[in-house]
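Report on the structure given below.
In the UniProt record's numbering, the protein residues as written are 1 to 347.
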């Protein structure tokens with residue numbers, strides 16, 4: 001059990017590092033006019049690769065930890081736990097992002113006015129969509145478990161839902177809700193990997209690498225803005241995103257160990273939620289500060305924002321753990337006795 005926890009922590013730590021890298025690159029290409037060059041193409045390709053894999057991996061890791069709900073009472077209690085543990089940081093950081101965008105003139109995706117707070121139930125702000133989708137994933141997976149549907153049939157249902165969701169434009173009001181099917185599929189693949197460790201084989205990893213290469217070539221040759229399409233599922237990148245789960249989880253499982261690098265990233269994995277929530281505001285503030293100071297060199301902005309946001313996020317996690325009342329925002333279940341609350345109000 002201890003070994004399993006170690007490699008999962010390492011996986012979360014390494015993946016959150018890639019998340020920060022991807023969001024720094026996205027902040028540059030979404031907010032700056034970048035001259036076309038070989039270096040620019042390389043940066044775009046790195047950004048595309050990072051976004052192709054990071055969120056499928058995070059959902060798969062959550063699925064690896066998932067325990068089937070055996071009855072409706074367990075299901076209802078599980079949803080209450082997830083509503084609190086995901087909902088409180090979701091609401092707090094949604095408000096924070098709207099305030100930063102409104103009063104400090106930061107360019108944050110999904111924010112146009114204070115009214116955006118009203119719609120966070122169906123239209124998440126920027127990167128916070130992950131928390132909303134993760135709650136919906138637990139809701140749907142738990143419901144499928146209660147229905148006692150066979151694993152193979154669940155995969156078919158979720159794959160069909162994923163393909164249907166890809167026809168929903170990202171301009172549609174319920175885009176993030178429809179995308180839930182694709183994230184449930186990633187989550188469920190993680191669960192299946194836990195049930196059958198043989199899926200994490202060298203052969204499957206190599207086949208998956210081939211699938212990723214085909215997916216990348218397909219998307220680059222059919223979409224002029226391919227470098228912006230890695231984040232969410234599209235018809236062209238579906239195979240690549242699903243295949244990335246097998247590649248990265250295989251690598252994480254093999255690489256994690258007792259060396260110092262692995263231990264360091266394992267420690268980052270234990271605070272990955274804090275890093276995830278605070279790094280985007282930090283990137284936005286640093287980018288705005290640099291541009292206000294007249295610094296427009298892309299390499300300088302990248303280095304400062306990447307290194308700065310990474311280490312400030314780690315420092316923030318230390319602050320949160322040091323001053324315990326702050327951790328309520330990130331880990332509310334440390335303070336809320338869910339069993340007592342459930343027995344009083346819902347049993």
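For glycine and all other residues, C-beta sits at the position ideal for the given N, C-alpha and C. Computed from a prediction, not measured in an experiment: that's the story for all the values here.
CA-to-CA distance, residue 66 to residue 143, given in whole angstroms: Distance between the alpha carbons of residue 143 and residue 66 is about 13 Å.
Straight-line gap, residue 202 to residue 55 (C-alpha atoms, nearest Å): A straight line joining the alpha-carbon of residue 202 with that of residue 55 spans about 22 Å.
Environment of residue 310 [buried if 16+ CB atoms lie within 10 Å]: Residue environment for residue 310: buried (at least 16 other C-beta atoms within 10 angstroms of its C-beta).
Cβ-Cβ distance between residue 161 and residue 130 below 8 Å: no
Nearest neighbour of residue 106, chosen from 20, 287, 266 and 305 [CA to CA]: 287
Straight-line Cα distance separating residue 23 from residue 241: 18 Å
Buried or exposed by the 16-neighbour rule on C-beta atoms within 10 Å, applied to residue 7: Flag for residue 7 reads buried.
Check whether residue 63 and residue 187 have beta carbons under 8 Å apart: yes
Alpha helix (DSSP H) runs wholly inside the segment 204-284, at least 4 long, in chain order: 238-255 and 260-269
Distance, residue 9 Cα to residue 266 Cα: Their Cα atoms are separated by approximately 5 Å.
Rounded straight-line distance, which links the Cα of residue 139 to that of residue 40: Going by the C-alpha atoms only, they are around 41 Å apart.
Status (buried if at least 16 other CB within 10 Å, exposed otherwise) for residue 58: buried
Stretch pair the segment 212-220 + the segment 86-105: three plus CB contacts closer than 8 Å: no
Residue interval of the alpha helix (DSSP H) (run including residue 296): Segment: none, residue 296 is in no alpha helix (DSSP H) and carries neither H nor E.
Burial state of residue 293, where buried means 16 or more other Cβ atoms lie within 10 Å: Its Cβ having fewer than 16 others within 10 Å, residue 293 is exposed.
Residue 69 beta carbon less than 8 Å from that of residue 146: yes
Cβ contact (3+ pairs, closer than 8 Å) linking the segment 115-130 and the segment 148-167: Taking a cut-off of 8 Å for Cβ pairs, the segment 115-130 and the segment 148-167 do not touch, as fewer than three such pairs fall below it.
Three-state class that DSSP yields for residue 188 in the structure shown: helix
Inter-residue Cα distance where the pair is residue 331 and residue 233: 29 Å
For residue 230, the nearest candidate out of 20, 148, 53 and 37 (CA to CA): 53
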